[in-house]
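**Student:** Residue numbers (my numbering), protein chains in the order written: chain B, 1 to 382; chain Y, 1 to 382.
This is the structure I have questions about; it appears just below.
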């Protein structure tokens with residue numbers, strides 16, 4: 001892969017310059033045979049906004065949108081580029097394109113000369129300012145991609161995970177008219193699981209489920225996006241959904257209402273998964289008896305470094321694991337997919353909801369998240 | 001390193017067999033050009049006891065010894081061998097040479113054909129039986145060493161840690177006569193920190209400290225090995241020690257007495273570190289307000305996989321980190337040293353206390369734990 005390609009280039013140059021290699025090294029500045037040691041080099045971060053066009057108008061409890069802007073990041077070291085992405089969905093409170101760009105301008109990676117030392121580099125990035133989880137994830141993903149390329153291995157392998165254990169992903173159906181929901185459910189036929197956004201009112205929620213069920217009996221997962229305000233109503237809905245082959249309920253109630261949520265989880269016949277209630281690692285311990293599991297998203301938790309820590313924390317607390325995404329390119333989705341082998345559930349369809357993806361990476365094959373063997377996050381720029 | 005050597009061999013064979021390579025592959029069974037994919041191979045675990053001879057008779061609160069038996073482990077895959085070790089100190093309750101050998105006989109790694117999938121392999125090993133942390137660590141270390149060799153990187157780099165951030169190690173002085181303690185303190189002159197075992201009685205404990213202080217004023221760390229039974233006495237001793245340039249106190253009180261320990265930690269002018277009270281990851285959350293930090297030892301926590309999880313858990317709880325060892329060869333000590341960049345304190349002198357080390361690996365240079373750049377745990381068999 002990468003190293004093999006580079007070995008080829010190196011060998012080519014070694015051959016080309018023949019016996020004069022020692023003297024020629026300095027002249028051939030772009031070819032460095034000590035690449036893998038990584039000393040006396042600098043890391044360089046660049047970034048630019050990229051406007052995603054949505055395939056459908058996307059509605060969830062509270063708002064809808066047809067376009068969204070992400071920031072694409074690149075970290076370059078010794079001629080190798082790691083790719084990253086910072087999506088900025090409207091529900092990430094206090095974060096916008098402006099705040100994210102302002103944060104990224106403060107990130108000075110040129111002070112680091114060893115790109116393998118990602119733990120300390122990402123501790124530095126996290127410490128620059130509070131909040132800013134989206135641009136922090138943009139830096140984290142690009143750095144991990146670079147790191148994987150330098151080591152010449154996909155990240156899932158560097159972490160010791162089993163490639164074949166990735167779950168099926170859900171395909172998300174937003175809140176829409178009966179006709180559009182039916183259409184989208186039919187479009188979702190390549191997927192083995194459907195995710196339905198609920199949380200409007202009882203009539204709409206039940207219409208959405210009944211419409212999906214009029215097309216298919218494949219398993220459904222629910223994301224209520226904090227839409228249910230009353231614990232008795234929430235529990236009643238969960239029982240109603242349980243009868244309709246639903247697998248789990250994501251964030252049924254408002255994120256800070258943990259007492260009622262614990263009551264619901266204790267009585268729920270289906271697992272409950274924290275999304276808005278679980279942003280970062282420090283949130284996890286308090287959710288132990290409140291939800292059955294957590295939904296990890298890179299833009300919430302600042303990236304892959306912290307995501308892996310949330311995985312081990314949740315595992316040690318006996319909680320289920322889900323990986324999610326937002327509307328973003330195959331870059332960020334493929335990064336998240338590296339964690340998929342550790343997940344009970346996955347909702348990695350964000351790249352499929354946009355019309356102008358500029359990366360190719362992980363694929364959904366027969367409904368299942370399918371990782372490739374390329375180094376880093378496993379993407380190529382289109 | 002490894003891969004380069006193997007690439008050389010591969011190229012040599014490719015050259016040697018020339019145009020008939022396709023037909024020759026099967027015949028050259030020991031050379032496989034698809035080594036890095038790891039398919040259709042088997043992992044093989046072997047192990048044998050090895051008796052360590054101690055340089056000094058070693059006394060801590062409760063017992064003393066001159067010899068101890070460890071189990072050396074090896075996991076082989078495709079001609080590459082990972083080395084591991086299971087030490088069995090008497091304080092690991094319920095574990096002995098016999099129980100460890102019996103456990104290792106149950107480990108069937110031949111069911112795995114991908115040595116990169118260490119997460120699932122080690123989940124399997126941990127699930128074979130409860131307890132048995134020492135032989136589990138023996139398997140974990142050998143598998144991580146193999147994994148690092150296959151990826152051709154030292155483990156600290158695979159984990160993204162900063163090699164230069166390793167702390168100084170302490171050199172341990174056991175409970176002994178004034179004369180021997182003075183002698184050992186003089187021997188310890190290459191070290192920048194001295195660890196003193198206390199927990200006998202007030203007169204002996206103070207004699208030990210006063211004797212060390214008659215030789216040197218370098219920082220001391222204390223391991224009381226649960227020896228102090230009364231919280232008021234413990235706090236008084238800690239104040240007395242604070243006046244004598246002591247850095248922290250390890251396990252002052254009995255391991256299950258967490259209420260009194262929390263009282264001591266809240267009032268202590270020095271950090272307190274859990275050793276016997278902290279065996280595995282699941283112990284850590286409850287120790288948050290009981291100790292200032294935890295001492296991670298591979299034989300307690302089943303190895304490097306869980307040790308890294310304890311590191312991230314303790315970091316997220318704001319607890320200090322220490323890495324410890326027991327009397328063992330440079331194999332297990334070098335494995336533990338891979339975690340040293342994340343540690344506030346280290347006590348990795350176990351290999352220096354034995355006369356017949358059969359590995360060479362990490363070095364103590366000018367008192368500091370010094371990692372090499374070799375793949376895996378960075379050891380060579382002597």
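Glycine residues also receive a C-beta, built at the ideal position from the N, C-alpha and C atoms.
Remember, it's a predicted structure, so these values are computed and weren't measured experimentally.
Counting only runs that start and end within the stretch 86-138 of chain Y, where is the beta strand (DSSP E) found for 3 or more residues in a row?
**Tutor:** Complete beta strand (DSSP E) runs here, min 3: none at all.
**Student:** For residue 109 of chain Y, return the contacting residues in chain B, with the cut-off set at a CB-CB distance below 7 angstroms.
**Tutor:** Those do not exist, as residue 109 of chain Y stays about 14 angstroms from chain B at its closest Cβ, beyond 7 angstroms.
**Student:** Using 8 angstroms as the limit for Cβ to Cβ distance, is residue 229 of chain Y near chain B?
**Tutor:** Closer than 8 angstroms: no.
**Student:** Does any C-beta atom of chain Y lie closer than 8 angstroms to the C-beta of residue 312 of chain B?
**Tutor:** Answer yes: the Cβ-Cβ gap between residue 312 of chain B and chain Y drops below 8 angstroms somewhere.
**Student:** Please look up how many angstroms separate the CB atoms of residue 110 of chain B and residue 44 of chain B, rounded, as I've assumed it's under 8 angstroms.
**Tutor:** The pair is a contact, with the Cβ atoms about 7 angstroms apart (cut-off 8 angstroms).
**Student:** Measuring straight from C-alpha to C-alpha, what distance separates residue 269 of chain Y and residue 182 of chain Y?
**Tutor:** Their backbone Cα atoms lie some 27 angstroms apart in a straight line.
**Student:** Short of 7 angstroms Cβ to Cβ, which residues in the stretch 92-123 of chain B face chain Y?
**Tutor:** Residues passing the 7 angstroms Cβ filter: 116, 117, 118, 119 and 120.
**Student:** Along the stretch 274-293 of chain Y, what residues have a CB closer than 8 angstroms to any CB found in chain B?
**Tutor:** Listed by position along the chain: 281, 282 and 285.
**Student:** Checking 8 angstroms against the spacing of the C-beta atoms, do residue 354 of chain Y and residue 53 of chain Y come in under that value?
**Tutor:** Yes.
**Student:** Out of B:233, B:55 and B:240, which one is the CA nearest neighbour of residue 220 of chain B?
**Tutor:** Comparing Cα positions, the closest option is B:240.
**Student:** What do you get for residue 163 of chain B, buried or exposed, if any count of 16 or more other CB atoms within 10 angstroms of its CB means buried?
**Tutor:** Burial call: buried.
**Student:** Would you tell me roughly how many angstroms separate the C-alpha atoms of residue 154 of chain B and residue 374 of chain B, rounded to the nearest one?
**Tutor:** Cα to Cα, the separation comes out at about 6 angstroms.
**Student:** For a contact defined as C-beta to C-beta under 7 angstroms, what are the partners of residue 133 of chain Y on chain B?
**Tutor:** Chain B residues near residue 133 of chain Y: none, gap ~16 angstroms exceeds 7 angstroms.
**Student:** For residue 374 of chain Y, does the three-state DSSP call read helix, strand or coil?
**Tutor:** DSSP places residue 374 of chain Y in coil when its eight states are reduced to three.
**Student:** Within the 8 angstroms Cβ cut-off, does residue 147 of chain Y reach chain B?
**Tutor:** Cβ-Cβ to chain B under 8 angstroms: yes for residue 147 of chain Y.
**Student:** Would you kindly work out how many angstroms separate the C-alpha atoms of residue 254 of chain B and residue 322 of chain B, rounded to a whole number?
**Tutor:** Each residue's Cα considered, the two are about 19 angstroms apart.
**Student:** Look up residue 295 of chain Y in the DSSP assignment and give the residues it is bridged to.
**Tutor:** DSSP, once it has assigned bridges, lists Y:322 as partnering residue 295 of chain Y.
**Student:** So that I know if they touch, is there some Cβ in chain B lying closer than 8 angstroms to that of residue 80 of chain Y?
**Tutor:** Closer than 8 angstroms: no.
**Student:** Is the separation between the beta-carbon of residue 297 of chain B and that of residue 331 of chain B shorter than 8 angstroms?
**Tutor:** Contact flag unset, no.
**Student:** Under the assumption that residue 144 of chain Y contacts residue 304 of chain Y (Cβ atoms under 8 angstroms), give the Cβ distance between them as a whole number of angstroms.
**Tutor:** Right, the Cβ-Cβ distance comes to about 5 angstroms (below 8 angstroms), so this counts as a contact.
**Student:** On the DSSP letters alone, give me the boundaries of the beta strand (DSSP E) that residue 246 of chain Y sits inside.
**Tutor:** Residue 246 of chain Y -> beta strand (DSSP E) spans 246-250.
**Student:** Given a cut-off of 8 angstroms on the beta-carbon distance, is the pair residue 232 of chain Y and residue 119 of chain B in contact?
**Tutor:** No, they are not a contact pair.
**Student:** State the Cα-Cα distance for the pair residue 167 of chain Y and residue 340 of chain Y, rounded to the nearest angstrom.
**Tutor:** Computed Cα separation, rounded: 7 angstroms.
**Student:** Below 8 angstroms on C-beta distance, what does residue 354 of chain B contact in chain Y?
**Tutor:** By Cβ distance, chain Y contributes nothing, its closest Cβ being about 31 angstroms from residue 354 of chain B, past 8 angstroms.
**Student:** Cβ closer than 7 angstroms: which chain B residues qualify as neighbours of residue 157 of chain Y?
**Tutor:** Simply 116.
**Student:** Is residue 72 of chain Y buried or exposed, if buried means 16 or more other CB atoms sit within 10 Å of its CB?
**Tutor:** Buried: at least 16 other Cβ atoms inside 10 Å.
**Student:** CB residue 237 of chain Y to CB residue 289 of chain Y, shorter than 8 angstroms?
**Tutor:** No, these two residues do not count as a Cβ contact at 8 angstroms.
**Student:** By the three-class DSSP mapping on this structure, what secondary structure does residue 148 of chain Y have?
**Tutor:** DSSP places residue 148 of chain Y in helix when its eight states are reduced to three.
**Student:** Is residue 366 of chain Y buried or exposed, if buried means 16 or more other CB atoms sit within 10 Å of its CB?
**Tutor:** Classification for residue 366 of chain Y: exposed.
**Student:** Given that residue 130 of chain Y touches chain B, what residues does it touch there, using C-beta distances under 7 angstroms?
**Tutor:** Simply none; closest approach about 16 angstroms.
**Student:** Of all the alpha helix (DSSP H) runs that stay within the bounds of the stretch 133-213 of chain B, which reach a length of 4 or more residues?
**Tutor:** Qualifying alpha helix (DSSP H) stretches, in chain order: 133-151, 155-158 and 178-187.
**Student:** Taking residue 173 of chain B as the reference, give the member of B:357, B:350, B:362 and B:379 with the closest Cα.
**Tutor:** Measuring from the Cα of residue 173 of chain B, the nearest candidate turns out to be B:350.
**Student:** Going by CA-CA distance only, name the one from B:146, B:103 and B:138 that's closest to residue 128 of chain B.
**Tutor:** Closest by alpha carbon: B:103.
**Student:** Could you confirm whether any beta carbon from chain B is found closer than 8 angstroms to the beta carbon of residue 316 of chain Y?
**Tutor:** Output row for residue 316 of chain Y: interface = yes.
**Student:** What does residue 364 of chain Y touch in chain B if you count any residue whose Cβ is under 9 angstroms from its own?
**Tutor:** Near residue 364 of chain Y there are no residues of chain B at all, since even the closest Cβ is about 22 angstroms away, more than 9 angstroms.
**Student:** Just reading off the alpha helix (DSSP H) that residue 459 of chain Y is part of, what are its end residues?
**Tutor:** The question about residue 459 of chain Y has no answer here: the residues shown for chain Y are numbered 1 through 382.
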